[in-house]
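There are 4 protein chains.
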Amino acid sequence: MSFNTFGTLFRVTTFGESHGPAIGCVVDGCPPGLPLSEEDIQTDLDRRRPGQSRFTTQRREPDRVKILSGVFNDDTLAGAVTTGTPITLLIENTDQRSKDYSDIRDKFRPGHADYTYHAKYGIRDYRGGGRSSARETAARVAAGAVARKVIHGMRVRGALIQMGPLTIDRSRWDWEETARNPLFSPDPVAAEHFADYLETIRQEGSSVGAVVEIVAEGVPAGLGAPLYGKLSADIAAAMMSIPAVKGVEIGGGFGAARLRGEENADEMFPDDSGRPRFGSNHAGGILGGISTGQPVVCRFAVKPTSSILTPRATVTTSGEAAEIVTRGRHDPCVGIRAVPVGEAMMACVLADHLLRARAQAALD
Amino acid sequence: MSFNTFGTLFRVTTFGESHGPAIGCVVDGCPPGLPLSEEDIQTDLDRRRPGQSRFTTQRREPDRVKILSGVFNDDTLAGAVTTGTPITLLIENTDQRSKDYSDIRDKFRPGHADYTYHAKYGIRDYRGGGRSSARETAARVAAGAVARKVIHGMRVRGALIQMGPLTIDRSRWDWEETARNPLFSPDPVAAEHFADYLETIRQEGSSVGAVVEIVAEGVPAGLGAPLYGKLSADIAAAMMSIPAVKGVEIGGGFGAARLRGEENADEMFPDDSGRPRFGSNHAGGILGGISTGQPVVCRFAVKPTSSILTPRATVTTSGEAAEIVTRGRHDPCVGIRAVPVGEAMMACVLADHLLRARAQAALD
Amino acid sequence: MSFNTFGTLFRVTTFGESHGPAIGCVVDGCPPGLPLSEEDIQTDLDRRRPGQSRFTTQRREPDRVKILSGVFNDDTLAGAVTTGTPITLLIENTDQRSKDYSDIRDKFRPGHADYTYHAKYGIRDYRGGGRSSARETAARVAAGAVARKVIHGMRVRGALIQMGPLTIDRSRWDWEETARNPLFSPDPVAAEHFADYLETIRQEGSSVGAVVEIVAEGVPAGLGAPLYGKLSADIAAAMMSIPAVKGVEIGGGFGAARLRGEENADEMFPDDSGRPRFGSNHAGGILGGISTGQPVVCRFAVKPTSSILTPRATVTTSGEAAEIVTRGRHDPCVGIRAVPVGEAMMACVLADHLLRARAQAALD
Amino acid sequence: MSFNTFGTLFRVTTFGESHGPAIGCVVDGCPPGLPLSEEDIQTDLDRRRPGQSRFTTQRREPDRVKILSGVFNDDTLAGAVTTGTPITLLIENTDQRSKDYSDIRDKFRPGHADYTYHAKYGIRDYRGGGRSSARETAARVAAGAVARKVIHGMRVRGALIQMGPLTIDRSRWDWEETARNPLFSPDPVAAEHFADYLETIRQEGSSVGAVVEIVAEGVPAGLGAPLYGKLSADIAAAMMSIPAVKGVEIGGGFGAARLRGEENADEMFPDDSGRPRFGSNHAGGILGGISTGQPVVCRFAVKPTSSILTPRATVTTSGEAAEIVTRGRHDPCVGIRAVPVGEAMMACVLADHLLRARAQAALD
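Chains as they are written, first to last, in the working numbering: chain A, 6 to 369; chain B, 6 to 369; chain C, 6 to 369; chain D, 6 to 369.
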């Protein structure tokens with residue numbers, strides 16, 4: 006990962022600002038011959054789209070994706086397929102409300118990237134957060150939809166497992182449930198608690214953090230490479246690059262620090278064909294940076310949205326003390342919409358590692 | 006990060022197996038004119054060296070580093086300096102005891118990378134873990150010593166803050182203390198508890214996990230780049246690439262998920278020169294992936310060593326059920342020696358980002 | 006250079022097919038604060054635009070560029086400036102004439118990339134050559150216009166110095182002249198000969214090759230890096246990546262093979278300030294892969310357009326013998342429009358190396 | 006290519022200075038399971054070794070290569086094989102004669118990289134040219150020996166086809182002959198003329214340029230990628246990165262500029278199985294940057310050695326006018342030893358593209 010591109014062989018470059026003409030991405034390195042339509046991508050985008058419940062920003066945009074390059078169709082084909090050339094996906098910004106930006110222009114919002122962009126570049130597009138806006142994650146989700154085509158035998162799903170102090174009960178985990186509530190909770194009881202809690206937070210003009218879990222099933226053993234191309238390291242970077250994420254763990258994660266060796270190492274037993282079957286998955290599907298064939302399990306922590314209605318002390322661009330209240334359209338818990346974003350990042354990392362594994366070890 | 010190289014401009018390539026002739030690294034992209042001697046590097050290596058207490062592997066090697074390229078000295082200079090060309094650091098393996106490897110050759114050790122290397126490559130150097138051995142981290146520490154020269158105004162320090170269920174008391178934090186006990190604990194009281202606990206673990210032939218904290222002070226605001234060159238993402242990947250690491254967090258980390266916006270966002274106040282002074286550091290020195298000028302704070306979780314004396318169920322390379330006991334020389338808590346390794350990785354990431362920031366934004 | 010991206014720090018990713026909705030590029034890594042308007046880019050694009058004389062394709066498109074991201078303007082600024090985030094430049098395809106593509110769909114055109122794309126990907130967008138169309142070079146020219154902003158103290162110019170068997174007389178070299186004739190010839194006499202010759206070629210439905218020379222002045226000493234980041238190597242790759250280019254040389258080039266050491270090595274003399282002034286420039290401004298401060302001089306050979314009216318033997322996609330005549334709108338000498346493309350590639354390479362030099366050696 | 010590493014998936018990092026302890030390389034990304042011994046590499050190194058005839062430097066070194074990592078052997082294997090981890094190859098410097106370097110320390114040698122390294126880094130290892138010495142090419146040849154294992158169905162050979170004003174007669178081309186004369190000439194008659202001419206040059210303390218041709222046979226169609234990963238662009242960069250190379254061409258090269266479309270485009274005819282057979286190979290085996298299945302043909306121009314006995318005007322490091330005579334052990338025609346170096350670079354580029362093609366298009 007570097008600059009605005011991530012991936013080594015399945016390479017995604019995103020671009021665009023919150024209030025510019027458009028956002029989008031270029032996906033380079035995609036294998037040829039994969040069916041790909043705008044509808045395929047739109048389905049994923051719609052899961053991330055704002056304005057779908059009272060818990061996400063009221064910015065209302067259809068987020069319609071256009072494919073500008075990299076696919077081809079003619080009457081000899083059953084539908085558009087990838088050609089192996091760069092796939093450009095464009096999403097126009099249509100709801101950039103005209104407003105007065107002088108407050109955000111002149112003051113650094115605490116918890117936001119305003120000050121750091123200013124320190125780094127000397128100039129920043131302050132409208133809606135510019136490049137640092139979570140709006141950029143739509144481009145990630147679009148790229149992830151392409152990645153899912155590449156890893157078609159694998160399944161990547163995500164869930165919200167903690168909101169502020171509230172957590173799910175894992176005994177009630179039901180993947181189907183994540184599609185039934187607007188919070189992506191896999192636990193229907195927790196979904197209700199989350200909703201009640203978040204409604205209070207929202208009415209108070211506050212915000213709250215969350216933890217998201219992403220699980221990839223069907224991942225073959227052998228993806229990931231020593232020592233700086235570890236699957237775990239690339240997942241960590243991918244998730245940490247999502248706005249507001251402050252922590253990432255694989256498998257047992259921080260909990261592993263409390264364990265003893267006998268508790269942590271997953272025992273192996275031969276299955277009928279003599280291949281290892283693991284007795285547990287503390288490893289989260291990765292050992293030595295390489296996939297084991299078990300589900301790859303990752304969790305990441307999302308901090309509370311920094312845009313809140315409580316006045317906060319800050320500094321102006323000219324160095325004076327000030328207070329700021331961040332009005333506008335914000336998610337009280339950005340962790341919710343981070344679920345499809347986390348899935349997309351996982352799909353992209355797996356697509357990249359699948360291609361890398363094919364190259365060196367002829368694995369598929 | 007990819008393959009066996011990490012960094013974009015300050016680039017480190019490591020090589021070598023546990024029981025091959027040598028391990029080492031090539032550091033490319035280092036600025037010219039920096040004083041660099043073997044002693045400078047040896048000092049850092051000695052902090053990681055095995056056999057220094059009863060809590061680290063009894064493999065006894067001097068780990069003497071040789072500089073093979075990239076520095077120059079003549080009588081017009083006060084000492085050797087970097088030339089801007091690749092710096093190669095070599096550490097010969099001298100204590101590869103002759104032993105019977107048939108057990109480890111034929112059986113996959115649970116929790117180790119044996120099975121995944123086998124699945125990926127079809128062949129593996131099983132002696133001492135081969136490439137996946139923690140011995141490789143000596144090369145990281147050597148590279149980190151070079152990185153420290155590049156970031157000479159910054160200070161990177163690490164500490165062991167948790168061992169199994171035991172944690173330090175932050176009110177007793179004393180950086181000096183980390184040099185006084187063999188466990189890198191910043192809390193002298195915890196150091197004793199850790200030692201007692203670990204002695205029990207060791208005598209039982211078991212192992213335990215740990216949490217390490219790395220703090221970088223003097224980091225200027227403006228390091229890190231949106232969106233896939235975030236300082237936080239590169240730190241996450243760097244730490245997650247260390248053997249046995251299963252989780253990484255920045256600043257508040259997973260704790261931020263439990264907070265509300267008012268608690269988490271660090272307020273800013275102007276200092277005497279009008280530059281922002283932060284009232285707290287939940288951000289861990291990074292906002293929007295770019296350094297704020299506050300200390301950069303990172304923690305990572307290390308799983309318990311998978312080599313233990315308790316017999317564990319496993320599978321042979323020919324697919325049969327078996328039991329394995331991992332004898333040999335092992336650290337009961339690899340988290341201890343991960344402290345200088347984590348420092349080295351942080352130093353390398355900061356050196357890389359310092360060069361990257363100079364390039365684009367003429368920052369220094 | 007790899008995939009559809011080139012550059013290490015000043016990174017250009019191009020996308021788009023000849024007959025898709027649009028072509029364009031994402032320029033990542035550009036320093037912030039540089040004035041950049043669509044007009045700045047349009048000026049360069051207009052020099053490459055088709056349909057400007059009878060010697061270039063009659064495809065008529067305005068090639069209007071839109072900036073989709075990476076610049077910002079408000080009433081505190083004198084005009085739009087770069088922000089340091091990715092700059093996306095889009096050029097819509099407006100003149101994709103509806104036509105019958107069955108001939109090109111079913112037969113591989115000799116000299117074109119039809120067969121190799123088919124062999125590699127199994128599928129190809131055959132309309133107008135798809136991704137392999139010279140139309141993609143408009144995106145390079147657009148990126149080059151941004152690069153020129155980065156290297157504002159340097160001047161990059163190109164000229165057509167050979168067409169088929171005809172060459173210019175260097176004693177008549179006049180840079181102003183390249184803007185006066187539609188062939189970019191620096192020699193007004195040769196310009197007329199070229200035009201007469203090409204008119205014959207054109208009327209015969211044939212095509213001819215050419216040689217282009219690119220000169221960069223004002224390049225500071227110290228750009229380029231040993232050993233695989235040589236300025237010369239990056240220029241070679243950049244020029245060889247232009248469609249139809251089959252050879253690249255720096256300074257004396259292939260002529261240097263015929264020289265003796267005394268003739269080739271450029272002597273140095275101190276100027277008034279003691280800095281080296283070179284007595285000649287056989288090196289083409291590059292020694293050991295690093296710029297000397299003299300003009301950087303590069304030439305590249307462009308093969309004749311493969312689209313000609315003479316029937317040629319070929320093979321169908323189903324493996325049968327066939328003949329093909331490539332009708333349509335084609336340049337009889339693609340070398341002409343390669344002049345602004347070569348300039349753009351040189352500007353991009355220099356911008357990249359300027360940033361790289363800043364990073365490692367604090368040079369500017 | 007960037008810094009001291011080249012290749013995207015088959016990645017070679019070289020290190021070392023002419024008069025430091027050692028030179029070498031790390032080859033990363035090599036597929037596992039390939040037989041590889043030091044003897045395999047030594048065979049190639051011996052072809053490049055100095056001191057083998059009166060036409061190459063009298064520096065006498067055995068250039069013995071040691072494999073430090075990345076291969077494994079045990080009694081279950083027939084011999085050492087690659088493991089997929091980084092392969093480190095080390096060649097110690099044994100003949101660094103003690104001498105007085107004050108002349109070269111204080112004066113910039115014309116045609117050498119002395120001044121540009123000084124301008125870039127402010128410091129340089131002037132002993133024997135330091136990093137810019139042609140000695141580094143031994144590391145390339147070693148890496149090339151590994152690459153040949155990866156592309157085992159392909160054959161890469163090189164020849165000297167021009168020396169100063171003298172050229173071979175292609176009608177006498179005999180690959181076997183290149184092994185019979187110390188000049189790698191494929192034409193036995195030219196070999197004698199070259200030898201006579203070079204002896205005169207040598208006795209006069211002068212030097213001369215040359216042209217080398219590299220041919221790769223057995224390259225499958227489909228290697229190389231649009232648009233900045235073109236096989237031709239990577240070959241151009243690879244060859245231009247060799248010391249003293251000033252020009253590179255593919256197939257017809259600069260000669261193509263003189264041709265018309267009918268002469269240049271290679272016609273295709275179906276072979277018995279319906280696959281295209283080309284009537285000629287002006288393309289040099291590459292169309293649109295992708296291999297056609299024909300032999301890949303590349304030529305590069307090598308300038309005359311800049312070290313000559315004729316005094317030349319130069320400048321001292323303190324900015325004063327001076328004269329310099331470059332004594333020492335030098336090749337009067339570095340083009341000779343560039344033949345195995347060019348082969349190695351071609352092998353490395355092909356290995357890299359073979360892996361890249363496998364990854365995206367499952368081609369092998």
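Heads up, the beta-carbon is just placed ideally off N, CA and C, and yes, glycines get one too. Keep in mind it's a predicted model, so treat the numbers as computed, not measured.
Taking residue i as part of the alpha helix (DSSP H), name the residues at either end of that continuous run.
| i | result |
| --- | --- |
| arginine 175 (chain D) | It is not in any alpha helix (DSSP H) - arginine 175 (chain D) carries neither H nor E in the DSSP assignment. |
| glutamine 299 (chain C) | Run containing glutamine 299 (chain C): none; DSSP gives neither H nor E here. |
| threonine 48 (chain B) | 43-53 |
| isoleucine 109 (chain B) | 107-111 |
| glutamate 268 (chain B) | 266-269 |
| lysine 125 (chain B) | 119-126 |
Report the three-state DSSP secondary structure of residue i (helix, strand or coil).
| i | result |
| --- | --- |
| alanine 288 (chain C) | coil |
| phenylalanine 283 (chain B) | strand |
| proline 345 (chain B) | helix |
| phenylalanine 15 (chain A) | coil |
| aspartate 357 (chain C) | helix |
| arginine 140 (chain D) | helix |
| leucine 368 (chain A) | Summary for leucine 368 (chain A): the model assigns pLDDT 46, below 50, so the residue's position carries little reliability; its value from the coordinates is reported in the next sentence. Three-state DSSP puts leucine 368 (chain A) in coil, outside helix and strand. |
| isoleucine 240 (chain C) | helix |
| glutamate 218 (chain B) | strand |
| alanine 441 (chain B) | Outside the displayed span of chain B (6 to 369) sits residue 441 (chain B), for which this structure offers no information. |
| glycine 234 (chain C) | strand |
Our contact map puts residue i next to residue j with C-beta atoms below 8 Å; I'd like the distance itself, whole angstroms only.
| i | j | result |
| --- | --- | --- |
| leucine 310 (chain A) | arginine 114 (chain A) | Note that residue 310 (chain A) is threonine in the sequence shown here, rather than leucine. Between arginine 114 (chain A) and threonine 310 (chain A) the Cβ distance is about 11 Å, and since that is not below 8 Å, they are no contact. |
| glycine 252 (chain C) | valine 253 (chain D) | 7 Å |
| glycine 221 (chain B) | valine 301 (chain B) | Correcting the residue identity first, residue 221 (chain B) is alanine in this sequence and not glycine. Right, the Cβ-Cβ distance comes to about 4 Å (below 8 Å), so this counts as a contact. |
| threonine 19 (chain D) | cysteine 35 (chain D) | The pair is not a contact, with the Cβ atoms about 15 Å apart (cut-off 8 Å). |
| glycine 163 (chain D) | isoleucine 219 (chain D) | 5 Å |
| isoleucine 96 (chain A) | serine 74 (chain A) | The Cβ separation is near 15 Å, so there is no contact. |
| glycine 169 (chain A) | leucine 314 (chain A) | With a Cβ gap of about 17 Å, glycine 169 (chain A) and leucine 314 (chain A) do not count as contacting. |
| alanine 270 (chain A) | lysine 125 (chain B) | With a Cβ gap of about 19 Å, alanine 270 (chain A) and lysine 125 (chain B) do not count as contacting. |
If you follow the beta strand (DSSP E) that residue i is part of, which residue opens it and which one closes it?
| i | result |
| --- | --- |
| isoleucine 92 (chain A) | 92-97 |
| arginine 317 (chain B) | 317-320 |
List, from N- to C-terminal side, the beta strand (DSSP E) runs of 3 residues or more that fit wholly inside the region 142-200 of chain A. Counting only unbroken stretches of 3 or more residues, the beta strand (DSSP E) elements lying wholly within the region 142-200 of chain A are 160-168, in sequence order.
Along the region 91-111 of chain C, where does the CB come closer than 9 Å to a CB of chain D? Name the residues. Within the region 91-111 of chain C, no residue has a Cβ that lies closer than 9 Å to any Cβ of chain D.
Short of 7 Å Cβ to Cβ, which residues in the region 344-367 of chain C face chain A? If the cut-off is 7 Å between Cβ atoms, the region 344-367 of chain C has nothing near chain A.
Residues of the region 13-37 of chain C whose Cβ lies closer than 7 Å to any Cβ of chain A, in chain order: Under the 7 Å Cβ criterion, the region 13-37 of chain C contributes Arg16, Thr18, Phe20, Gly21, Glu22, Gly25, Pro26, Ala27, Val31, Asp33, Gly34, Pro37.
Interface positions of the region 110-133 of chain B facing chain D (Cβ-Cβ less than 9 Å), listed along the chain: Going along the region 110-133 of chain B in chain order, one finds Arg110, Tyr122, Lys125, Tyr126, Gly127, Ile128, Arg129, Asp130, Tyr131, Arg132 with a Cβ nearer than 9 Å to chain D.
Residues in the region 214-240 of chain D having any Cβ partner in chain A nearer than 9 Å: Listed by position along the chain: Ala230, Pro231, Leu232.
Check distances from the C-beta atoms of the region 165-186 of chain B to those of chain A and list, in chain order, the residues that come in under 7 Å. Those would be Gln167, Gly169, Pro170, in chain order.
For the region 254-266 of chain D, which residues have a beta carbon sitting closer than 7 Å to at least one beta carbon of chain C? For the region 254-266 of chain D, which is checked against every Cβ of chain C, the residues closer than 7 Å are Glu254, Ile255, Gly256, Gly257, Gly258, Phe259, Ala261, Ala262, Arg263, Leu264, Arg265, Gly266.
Got a sec: which bits of the region 274-288 of chain A sit with their beta carbon under 8 Å from any beta carbon on chain C, in order along the chain? Answer in chain order: no residues at all.
For the region 303-315 of chain C, list every residue whose C-beta sits within 7 Å of some C-beta in chain D, in sequence order. Across the region 303-315 of chain C, CB contacts with chain D closer than 7 Å involve Ala306, Val307, Lys308, Pro309, Thr310, Ser311, Ile313, Thr315, in sequence order along the chain.
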